[in-house]
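Participant:
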Amino acid sequence: MNKATFNQTYLPLRQVIFMVCVALLTDQEVANDITQDVYLRLWEQRDELDNVQSPQAYAVRIARNRCLDHLKSAGERLRTSGKEAETALALQIDNSADPHSTLVAKSGEERLAHWVEQLREPQKSIFSLRHYEMLSNQETAERLGLQETTVRSTLSRLRKEVRALFEKD
Numbered sequence: 001m002n003k004a005t006f007n008q009t010y011l012p013l014r015q016v017i018f019m020v021c022v023a024l025l026t027d028q029e030v031a032n033d034i035t036q037d038v039y040l041r042l043w044e045q046r047d048e049l050d051n052v053q054s055p056q057a058y059a060v061r062i063a064r065n066r067c068l069d070h071l072k073s074a075g076e077r078l079r080t081s082g083k084e085a086e087t088a089l090a091l092q093i094d095n096s097a098d099p100h101s102t103l104v105a106k107s108g109e110e111r112l113a114h115w116v117e118q119l120r121e122p123q124k125s126i127f128s129l130r131h132y133e134m135l136s137n138q139e140t141a142e143r144l145g146l147q148e149t150t151v152r153s154t155l156s157r158l159r160k161e162v163r164a165l166f167e168k169d
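Take the sequence shown: its position 106, counted from the start at 1, is 106 in UniProt numbering, and no numbers get skipped.
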């Protein structure tokens with residue numbers, strides 16, 4: 001893949017990759033670093049990228065794997081919902097060397113879970129499918145019987161709300 005095609009295909013995915021990282025990690029700086037790592041890896045593999053059928057899915061998969069590697073190495077836990085969140089939080093509390101970090105993570109997770117619970121349908125389903133189940137916009141639209149443009153615009157508004165929610169601190 002040449003530079004122009006790479007730039008046209010993968011550079012517009014930066015926000016998607018970053019949001020995947022932010023959804024999985026508790027630190028936006030680390031999410032930004034991992035986003036950069038994803039682009040480095042994509043660039044190093046550019047000769048093989050012509051064979052990739054879904055560039056967004058491929059880039060998101062790399063981002064997700066990089067985040068999971070980071071979480072494993074740092075001893076952190078994935079942001080999850082429901083019973084998994086309680087289990088992950090319990091493990092994090094048990095294994096945490098820094099009580100303040102544990103409290104901040106718990107507070108952020110609780111705030112996000114509360115915010116998601118307050119959403120109306122279909123916003124709640126769109127956000128959950130996209131960020132917890134890691135479905136693409138197209139898969140989310142198909143599952144909910146919506147237009148992909150509706151999913152995209154809804155996610156854009158919801159992400160702005162999430163940013164505002166966490167910037168209040």
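Glycine residues also receive a C-beta, built at the ideal position from the N, C-alpha and C atoms.
Looking at residue 17: is its Cβ nearer than 8 Å to the Cβ of residue 59?
Facilitator: yes
Participant: Identify which residue in 135, 118, 163, 166 has its Cα closest to the Cα of residue 152.
Facilitator: The residue with the shortest Cα to Cα distance from residue 152 is 135.
Participant: Can you tell me which of the three DSSP states residue 123 falls into?
Facilitator: helix
Participant: When the Cα of residue 41 is compared with those of 66, 22, 154, which residue comes out closest?
Facilitator: 66
Participant: Taking only the alpha-carbon atoms, compute the straight-line gap between residue 121 and residue 54 and give it to the nearest angstrom.
Facilitator: 28 Å
Participant: With a threshold of 6 Å on Cβ separation, who are the neighbours of residue 142 within its own chain once the five nearest residues in sequence on each side are excluded?
Facilitator: none
Participant: Could you confirm whether any beta carbon from chain B is found closer than 8 Å to the beta carbon of residue 34?
Facilitator: No chain B is part of this structure, which consists of one protein chain only.
Participant: Are the beta-carbon atoms belonging to residue 35 and residue 64 less than 8 Å from one another?
Facilitator: no
Participant: What distance in whole Å lies between the Cβ atoms of residue 70 and residue 11, which are believed to be in contact at a cut-off of 8 Å?
Facilitator: So it is not a contact: roughly 23 Å between Cβ atoms.
Participant: Where does residue 4 land, buried or exposed, given buried means 16+ other C-beta within 10 angstroms?
Facilitator: exposed
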